[in-house]
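This report refers to the structure that appears directly beneath it.
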Amino acid sequence: MTMHPQTDERADTPAEASARGKLDRRAMLAATGAAALAMIGYPLVRRLWRTPQPVFLARGQRYDGPLVETIRDGLAAVEFDAAWVRGRRVLLKPNLVEPYRDSPHLTTHPSLVLAAAEVFRGWGADVAVGEGPGHVRDTQMALVESGLEEALRGEKLPFADLNYDDAPAAPNRGRTSKLAEFFFPRSVLEADLIVSMPKLKTHHWVGMTASMKNLYGTLPGLVYGWPKNVLHYAGIPQTVVDINASLPRTIAIVDAILCMEGDGPIMGTPKPLGLVAIGLCPTAVDATCSRIIGIDPGRIEYLALAAGKLGPIADRDIPQRGEPWQGLVEPFAIVDVPHLRRLRG
Amino acid sequence: MSWLDETLDRLCRRPVCGYYARGPAAVEPTALAAMALVGHGRVEAAHAALQWLAGLQSSRGSLGIDGQHPSPCWPTGWAVLAWQAATPPQSSKDARAPSPWSDAAGRAVAWLLATKGTAERNNAVMGHDTTLQAWPWVEGTHSWVEPSAIGLLALKSSGHADHPRSREAVRLLLDRMLPSGGWNQGNKIVMGRVLRPQVQPTGLALAALAGEEEEADHVRRSLGYLDRAISAPVSPASLSYALVGMAAHGRFPADAGQRLAAAAADALGHDAPPYPLALAALAALGADCPYLKAAKA
Numbered sequence: 001m002t003m004h005p006q007t008d009e010r011a012d013t014p015a016e017a018s019a020r021g022k023l024d025r026r027a028m029l030a031a032t033g034a035a036a037l038a039m040i041g042y043p044l045v046r047r048l049w050r051t052p053q054p055v056f057l058a059r060g061q062r063y064d065g066p067l068v069e070t071i072r073d074g075l076a077a078v079e080f081d082a083a084w085v086r087g088r089r090v091l092l093k094p095n096l097v098e099p100y101r102d103s104p105h106l107t108t109h110p111s112l113v114l115a116a117a118e119v120f121r122g123w124g125a126d127v128a129v130g131e132g133p134g135h136v137r138d139t140q141m142a143l144v145e146s147g148l149e150e151a152l153r154g155e156k157l158p159f160a161d162l163n164y165d166d167a168p169a170a171p172n173r174g175r176t177s178k179l180a181e182f183f184f185p186r187s188v189l190e191a192d193l194i195v196s197m198p199k200l201k202t203h204h205w206v207g208m209t210a211s212m213k214n215l216y217g218t219l220p221g222l223v224y225g226w227p228k229n230v231l232h233y234a235g236i237p238q239t240v241v242d243i244n245a246s247l248p249r250t251i252a253i254v255d256a257i258l259c260m261e262g263d264g265p266i267m268g269t270p271k272p273l274g275l276v277a278i279g280l281c282p283t284a285v286d287a288t289c290s291r292i293i294g295i296d297p298g299r300i301e302y303l304a305l306a307a308g309k310l311g312p313i314a315d316r317d318i319p320q321r322g323e324p325w326q327g328l329v330e331p332f333a334i335v336d337v338p339h340l341r342r343l344r345g
Numbered sequence: 001m002s003w004l005d006e007t008l009d010r011l012c013r014r015p016v017c018g019y020y021a022r023g024p025a026a027v028e029p030t031a032l033a034a035m036a037l038v039g040h041g042r043v044e045a046a047h048a049a050l051q052w053l054a055g056l057q058s059s060r061g062s063l064g065i066d067g068q069h070p071s072p073c074w075p076t077g078w079a080v081l082a083w084q085a086a087t088p089p090q091s092s093k094d095a096r097a098p099s100p101w102s103d104a105a106g107r108a109v110a111w112l113l114a115t116k117g118t119a120e121r122n123n124a125v126m127g128h129d130t131t132l133q134a135w136p137w138v139e140g141t142h143s144w145v146e147p148s149a150i151g152l153l154a155l156k157s158s159g160h161a162d163h164p165r166s167r168e169a170v171r172l173l174l175d176r177m178l179p180s181g182g183w184n185q186g187n188k189i190v191m192g193r194v195l196r197p198q199v200q201p202t203g204l205a206l207a208a209l210a211g212e213e214e215e216a217d218h219v220r221r222s223l224g225y226l227d228r229a230i231s232a233p234v235s236p237a238s239l240s241y242a243l244v245g246m247a248a249h250g251r252f253p254a255d256a257g258q259r260l261a262a263a264a265a266d267a268l269g270h271d272a273p274p275y276p277l278a279l280a281a282l283a284a285l286g287a288d289c290p291y292l293k294a295a296k297a
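Sequence order for the protein chains is A and B.
Residue 345, in the numbering used here, is where the first sequence stops; the numbers in between run on with no holes.
Residue 297, in the numbering used here, is where the second sequence stops; the numbers in between run on with no holes.
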């Protein structure tokens with residue numbers, strides 16, 4: 001069985017490298033707790049040490065606006081090391097869960113994907129776009145309906161169909177769910193950097209979908225089905241955490257320009273926000289998105305599970321860059337069902 | 001050379017094929033390629049594919065998605081259909097010759113009969129009958145439209161159209177149909193909201209419902225949806241499934257050949273992926289598409 005090429009000894013991400021000074025000092029303090037460290041696992045503690053995690057917010061954004069500049073500025077603001085990506089493989093992962101051409105609030109807009117591609121290509125990266133739509137078995141149809149097929153052809157951007165890619169087994173590094181392993185597509189495993197590019201939406205099962213839940217689409221439907229029902233049976237919040245914990249390094253660029261509220265992630269209504277959110281830690285980015293749509297991130301189960309393990313969700317640990325989130329709060333309508341009532345407190 | 005000849009030549013050269021030109025060989029595209037070759041009279045060329053499928057069969061009778069993944073086993077029904085398509089009908093002059101695939105097909109059918117999706121207690125959130133059981137994508141999970149349609153076609157092709165499992169699969173497909181026609185990939189209604197239809201699952205479900213004449217109203221609504229849907233830009237795979245689903249109920253658009261030619265030309269002009277090309281070759285056969293014909297027989 002082919003194993004995950006990622007190891008705990010992998011090179012640090014740009015943010016990790018920049019934070020290393022702090023880590024080393026904390027590591028010294030933690031040395032006396034070596035026994036506890038061994039019990040809860042090195043990868044877990046590594047991530048705990050990595051707070052704070054900045055998040056950049058840009059307001060007044062439009063799909064026909066200067067998104068390349070926004071993304072470049074945002075990545076610089078969260079201390080992304082542009083030189084690091086030269087010659088590396090970058091996989092942009094939009095959300096095309098179930099596209100319909102008359103519902104642009106459902107899927108990541110092609111303009112944002114192309115802008116991100118231009119930024120990373122400009123820095124010398126080898127860029128591809130990859131997605132395994134969760135509710136559409138015909139991936140090409142998803143590309144047609146979302147408008148992405150035409151956009152990718154125009155820019156000669158390669159597309160990896162993650163639903164049908166060869167998918168060796170990789171260990172579940174999160175171990176929050178009962179799943180022992182994941183089958184990640186090779187184009188995911190071989191990427192040096194995954195950029196989660198979700199559409200910010202409410203989600204009628206777990207409250208919100210943004211950069212962490214978007215990574216469900218890195219798993220192949222061939223193995224997990226359409227929908228990826230295996231993950232549902234194993235627990236959506238738990239598997240969201242496990243997938244995020246098991247992937248190669250991942251950052252987030254969120255399409256919150258035209259969002260979805262109400263009965264998301266498919267049947268909700270458009271909610272324009274005009275925002276782009278960027279960060280090196282998907283957990284921190286999603287916690288900020290959650291605050292913006294009026295939900296305490298601690299009430300979203302997968303964020304509560306990820307807190308401290310994959311990244312911070314406490315406001316004090318997420319330095320804001322660009323616009324402060326407090327001035328951008330726009331509560332989203334949430335479906336009135338018993339399991340979501342706790343979201344509003 | 002026509003797109004169809006070029007496609008069949010490609011499939012003849014590589015009958016054991018994958019979803020993409022450079023991808024690993026997989027059960028579903030290989031079974032479809034075998035049926036396309038059989039349907040177009042290139043039976044000899046299909047043998048390597050049929051043999052390869054038999055070689056992947058597990059001791060339980062199931063087939064996984066490819067040589068590396070013995071599970072999930074949802075493509076098993078496609079293998080049954082491919083083996084049945086290559087088996088001469090009882091009425092033909094070759095019928096006395098034993099089919100080399102009959103044992104494999106029989107064991108795969110036994111697996112299908114023994115395997116079902118999980119039943120859940122009906123609840124207010126899900127708008128379909130969650131107690132109905134047909135086939136899941138992955139064992140241990142719920143039944144879904146496409147694997148149920150594939151399983152139903154396979155049972156029908158094997159003389160089990162009246163088996164209780166087939167009848168329940170028909171009920172499940174009808175229950176999952178959207179009120180205005182067509183099928184979504186997954187659910188019908190969730191939390192009171194009706195979902196939207198998609199072309200591919202609709203085409204496949206309609207194919208599986210061939211011969212269910214008492215369900216004319218359901219079929220009419222879904223055919224109406226497909227008519228509208230394929231008038232907009234559509235991928236080769238979805239177009240092909242749609243055309244076979246329509247052919248199953250006697251409605252094959254007059255311009256189907258032209259549409260398929262355009263779709264196949266697009267695929268051939270890029271990477272010539274075997275999977276959609278095999279589907280297009282099958283759709284070109286209309287009502288004689290082997291997976292449809294075998295199920296009707």
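Glycine is no exception: its CB is placed at the ideal position from the N, C-alpha and C atoms.
Inset, instruction - Could you list the residues in the stretch 180-193 of chain B with a C-beta less than 9 angstroms from some C-beta on chain A, going in chain order? - result: Asn184, Gln185, Gly186, Asn187, Val190, Met191, Gly192 and Arg193
Inset, instruction - Flag this pair as yes or no: are the beta carbons of Ala287(A) and Pro312(A) separated by less than 9 angstroms? - result: The residue given as residue 287(A) occupies position 287 in the first sequence. The residue given as residue 312(A) occupies position 312 in the first sequence. Contact: yes.
Legend entry - Residues bridged to Lys93(A) [DSSP beta-bridge criterion]: Indexing the first sequence from 1 puts residue 93(A) at position 93. In the DSSP output, where bridge partners are listed per residue, Lys93(A) has Ser196(A).
Inset, instruction - Taking only beta-carbon positions, decide if Leu222(A) is within less than 9 angstroms of chain B. - result: For this step, residue 222(A) is matched to residue 222 along the first sequence. Yes, contact with chain B.
Legend entry - Residues in the stretch 204-237 of chain B having any Cβ partner in chain A nearer than 9 angstroms: Ala232, Pro233, Val234, Ser235, Pro236 and Ala237
Inset, instruction - Determine the closest residue to Gly203(B) out of Ser240(B), Arg196(B) and Val194(B), with distance taken between C-alpha atoms. - result: Translated into positions along the second sequence, residue 203(B) becomes position 203. When each option's Cα is compared against that of Gly203(B), the closest is Ser240(B).
Legend entry - Cβ-based neighbour list, Val90(A), same chain, cut-off 6 angstroms, excluding 5 preceding and 5 following: The residue labelled residue 90(A) in the question sits at position 90 within the first sequence. Taken in chain order, the residues that qualify are Phe120, Ala125, Val127 and Leu193.
Inset, instruction - Go through its chain and collect everything with a Cβ distance to Pro201(B)'s Cβ below 6 angstroms, but skip five positions before and after it. - result: Taking the first residue of the second sequence as 1, we reach residue 201(B) at position 201. The residues are Val145, Glu146, Trp183 and Gln185.
Inset, instruction - Starting from the N-terminal side, write out each stretch of the alpha helix (DSSP H) that is 4 residues or longer and does not extend beyond the stretch 99-161 of chain B. - result: 102-114 and 145-157
Inset, instruction - Give every residue of the same chain whose Cβ lies closer than 8 angstroms to the Cβ of Gly302(B), excluding the five residues on either side of it in the sequence, and list them in chain order. - result: Look at the range of chain B in this structure, 1 to 297, and you will see that residue 302(B) is not part of it.
Inset, instruction - Could you tell me which of Cys12(B), Ala86(B), Arg10(B) and Ser62(B) sits nearest to Met35(B), measuring between CA atoms? - result: Taking the first residue of the second sequence as position 1, residue 35(B) is located at position 35. Nearest of Cys12(B), Ala86(B), Arg10(B) and Ser62(B) to Met35(B), Cα basis: Ala86(B).
Inset, instruction - Please confirm if Trp144(B) has its CB atom under 9 angstroms from at least one CB of chain A. - result: For the purposes of this step, residue 144(B) is taken as residue 144 along the second sequence, with counting starting at 1. By this cut-off, Trp144(B) is an interface position.
Inset, instruction - Express the C-alpha separation of Leu152(A) and Arg13(B) in angstroms, rounding to a whole number. - result: In the second sequence, residue 13(B) corresponds to position 13, counting from 1. In the first sequence, residue 152(A) corresponds to position 152, counting from 1. Approximately 31 angstroms between the Cα atoms of the pair.
Legend entry - Secondary structure, alpha helix (DSSP H): runs of 4+ residues fully inside the stretch 298-324 of chain A: 301-306
Legend entry - chain B contact for Glu79(A) (CB, 9 angstroms cutoff): As a position in the first sequence, residue 79(A) is number 79, starting the count at 1. It does not; no Cβ of chain B falls within 9 angstroms.
Inset, instruction - Assuming Ala272(B) contacts Arg10(B) (C-beta within less than 8 angstroms), just tell me the rounded distance between them. - result: Translated into the one-based positions of the second sequence, residue 272(B) becomes position 272. Translated into the one-based positions of the second sequence, residue 10(B) becomes position 10. With a Cβ gap of about 6 angstroms, Ala272(B) and Arg10(B) count as contacting.
Legend entry - CB of Val195(A) within 9 angstroms of CB of Val240(A), strictly: Working through the first sequence from its first residue, we reach residue 195(A) at position 195. Working through the first sequence from its first residue, we reach residue 240(A) at position 240. The answer is no: Cβ separation not under 9 angstroms.
Inset, instruction - Kindly list the residues whose CB is nearer than 7 angstroms to the CB of Ala280(B), restricted to its own chain and excluding five residues on each side of it in sequence; keep chain order. - result: Counting from 1 along the second sequence, the entry for residue 280(B) is found at position 280. Correct list, in chain order: Thr7, Pro236, Ser240, Leu260, Ala263 and Ala264.
Legend entry - Minimum Cβ-Cβ distance from His69(B) to chain A less than 9 angstroms: Start at 1 with the first residue of the second sequence, and residue 69(B) comes out as number 69. True, the Cβ-Cβ gap to chain A drops below 9 angstroms.
Inset, instruction - Output yes if chain A places a C-beta closer than 9 angstroms to the C-beta of Arg14(B); else output no. - result: For the purposes of this step, residue 14(B) is taken as residue 14 along the second sequence, with counting starting at 1. Not one chain A Cβ lies under 9 angstroms of Arg14(B).
Inset, instruction - Output the boundary residues of the alpha helix (DSSP H) element that contains Asp242(A). - result: Working through the first sequence from its first residue, we reach residue 242(A) at position 242. Here the alpha helix (DSSP H) through Asp242(A) covers Ile236 to Ser246.
Inset, instruction - Under 9 angstroms between beta-carbons, which chain B residues line up against Gly279(A)? List them in chain order, please. - result: As a working note, residue 279(A) is residue 279 in the first sequence. Chain B residues near Gly279(A): none, gap ~31 angstroms exceeds 9 angstroms.
Inset, instruction - Spell out whether any CB of chain B is found under 9 angstroms from the CB atom of Pro168(A). - result: For the purposes of this step, residue 168(A) is identified with residue 168 of the first sequence, where counting begins at 1. Chain B, which has a Cβ nearer than 9 angstroms to the Cβ of Pro168(A), makes this yes.
Inset, instruction - Report buried or exposed for Met1(B), applying the criterion of at least 16 other Cβ atoms within 10 angstroms of its Cβ. - result: Start at 1 with the first residue of the second sequence, and residue 1(B) comes out as number 1. Met1(B) should be labelled exposed.
Inset, instruction - Report the three-state DSSP secondary structure of Cys12(B) (helix, strand or coil). - result: As a working note, residue 12(B) is residue 12 in the second sequence. Helix.
Inset, instruction - Please name the residue in Glu131(A), Pro52(A), Gly322(A) and Val55(A) whose C-alpha comes closest to that of Pro220(A). - result: Locating residue 220(A) in the first sequence gives position 220, where the first residue counts as 1. Comparing Cα-Cα distances from Pro220(A) to each of Glu131(A), Pro52(A), Gly322(A) and Val55(A), the minimum goes to Glu131(A).
Inset, instruction - In angstroms with no decimal places, state the Cα-to-Cα distance between Val68(A) and Thr107(A). - result: Taking the first residue of the first sequence as position 1, residue 68(A) is located at position 68. Taking the first residue of the first sequence as position 1, residue 107(A) is located at position 107. The alpha-carbon atoms of Val68(A) and Thr107(A) are separated by roughly 19 angstroms.
Inset, instruction - Starting from Glu118(A), trace the beta strand (DSSP E) both ways and give me its first and last residue. - result: By one-based count along the first sequence, residue 118(A) stands at place 118. Element bounds for Glu118(A): not the beta strand (DSSP E) but the alpha helix (DSSP H), Pro110 to Gly122.
Inset, instruction - Please list, in chain order, all residues of the same chain as Glu190(A) whose beta carbon is under 6 angstroms from its beta carbon, the five residues on each side excluded. - result: On the first sequence, residue 190(A) is found 190 positions in, with the first residue counted as 1. Nothing listed; no residue qualifies.
Legend entry - Three-way DSSP call (helix, strand, coil) for Phe246(B) in this model: Indexing the second sequence from 1 puts residue 246(B) at position 246. First, the residue type needs correcting, since residue 246(B) is Met and not Phe in the sequence shown. Helix.
Inset, instruction - State the Cα-Cα distance for the pair Leu23(A) and Asp317(A), rounded to the nearest angstrom. - result: For the purposes of this step, residue 23(A) is identified with residue 23 of the first sequence, where counting begins at 1. For the purposes of this step, residue 317(A) is identified with residue 317 of the first sequence, where counting begins at 1. Only weak support is given to the placement of Leu23(A): the predicted model assigns it a pLDDT of 34, under 50, and the question is left unresolved by the model.
Legend entry - Host alpha helix (DSSP H) of Thr283(A) (start-end): Locating residue 283(A) in the first sequence gives position 283, counting from the first residue. Note, Thr283(A): alpha helix (DSSP H), Pro282 to Ile292.
Inset, instruction - Return the CA-CA distance between Thr176(A) and Glu168(B), expressed in angstroms with no decimal places. - result: Translated into the one-based positions of the first sequence, residue 176(A) becomes position 176. Translated into the one-based positions of the second sequence, residue 168(B) becomes position 168. Each residue's alpha carbon lies about 36 angstroms from the other.
Legend entry - Beta-carbon proximity check, Ala154(B) vs Ala108(B), cutoff 9 angstroms: Sequence index remark: in the second sequence, residue 154(B) carries index 154 (1-based). Sequence index remark: in the second sequence, residue 108(B) carries index 108 (1-based). Closer than 9 angstroms, so yes.
Legend entry - chain A residues whose Cβ lies nearer than 7 angstroms to that of Val27(B): The count along the second sequence starts at 1 and reaches residue 27(B) at position 27. Simply none; closest approach about 10 angstroms.
Inset, instruction - For Val188(A), count neighbouring Cβ atoms within 10 angstroms of its own Cβ and tell me buried if that reaches 16, exposed if not. - result: By one-based count along the first sequence, residue 188(A) stands at place 188. So Val188(A) counts as buried.
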